[in-house]
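In this text, residue positions in the sequence shown follow my numbering: the first is 2, and each later residue adds one. By construction, the Cβ of each residue, glycine as well, lies at the ideal position given by its N, Cα and C atoms.
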Amino acid sequence: MGKGITFEQAKEKAANILTYRDHSKASLYKRLLEKGVSEEIAEQTVDFFEDVGYINDERYAQDKARELYEVKKYGVRRVVFELTKRGVDKELAENVVFEICEENPNDLNSLISKYIKGQDISDFKVKKRISDKLIRMGYDFDEIKSAINNFSDEE
Numbered sequence: 002m003g004k005g006i007t008f009e010q011a012k013e014k015a016a017n018i019l020t021y022r023d024h025s026k027a028s029l030y031k032r033l034l035e036k037g038v039s040e041e042i043a044e045q046t047v048d049f050f051e052d053v054g055y056i057n058d059e060r061y062a063q064d065k066a067r068e069l070y071e072v073k074k075y076g077v078r079r080v081v082f083e084l085t086k087r088g089v090d091k092e093l094a095e096n097v098v099f100e101i102c103e104e105n106p107n108d109l110n111s112l113i114s115k116y117i118k119g120q121d122i123s124d125f126k127v128k129k130r131i132s133d134k135l136i137r138m139g140y141d142f143d144e145i146k147s148a149i150n151n152f153s154d155e156e
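Here is the structure:
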């Protein structure tokens with residue numbers, strides 16, 4: 002009996018990991034290393050699952066980007082950051098996010114009205130709190146400033 006985890010055991014571990022949710026190639030590799038799989042066998046295992054189609058970084062990036070952008074309403078910067086943090090190539094992440102943004106642009110006005118909650122938008126502290134929240138969500142400062150000013154004019 003060898004001391005390390007075999008390729009077959011690593012495949013079982015990877016299948017178990019993928020049962021719960023989809024992973025990028027890099028995140029599956031990292032999880033296998035955390036489970037005690039050697040680097041060489043982890044790489045072989047990840048390549049095997051990529052070859053049979055169980056992991057696909059482009060599909061993973063599209064699904065995760067759609068969730069972050071459309072459900073959580075994150076801005077472009079935050080979505081790209083979250084994808085790269087999960088092991089997706091930055092160029093792929095940017096391309097996927099660009100496609101999704103063109104299909105369905107987020108409406109900053111609806112987010113602003115959600116965060117105002119009946120407060121006075123002309124108050125500097127309220128504007129700052131809302132703009133800080135939207136910056137953390139990954140929106141561009143100039144877009145936020147413009148949307149808040151337009152929102153103030155409508156009120």
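Legend entry - residue 131 vs residue 152 beta-carbon contact at 7 Å: no
Legend entry - For residue 19 and residue 28, the rounded distance between their alpha carbons: 11 Å
Legend entry - Rounded distance between the beta-carbons of residue 70 and residue 101, thought under 8 Å: 5 Å
Inset, instruction - Run the CB neighbour count on residue 7, radius 10 Å, all protein chains shown included, and call it buried at 16 or more, exposed below. - result: exposed
Legend entry - Contact under 7 Å by Cβ, residue 109 with residue 66: no
Legend entry - Cβ-based burial, residue 145 [other Cβ within 10 Å; buried from 16]: buried
Inset, instruction - Within 10 angstroms of the Cβ of residue 119, are there 16 or more other Cβ atoms? Answer buried if so, exposed if not. - result: exposed
Inset, instruction - Take the Cβ of residue 16 as the centre, count every other Cβ of all protein chains shown within 10 Å, and call the residue buried at 16 or more, exposed below. - result: exposed
Inset, instruction - Given a cut-off of 7 Å, decide if residue 98 and residue 80 are closer than it, judged by their beta-carbon atoms. - result: yes
Inset, instruction - May I ask which residues mark the beginning and end of the alpha helix (DSSP H) holding residue 115? - result: 109 to 117
Inset, instruction - Measure the alpha-carbon distance for residue 103 versus residue 96 and round it to whole angstroms. - result: 11 Å
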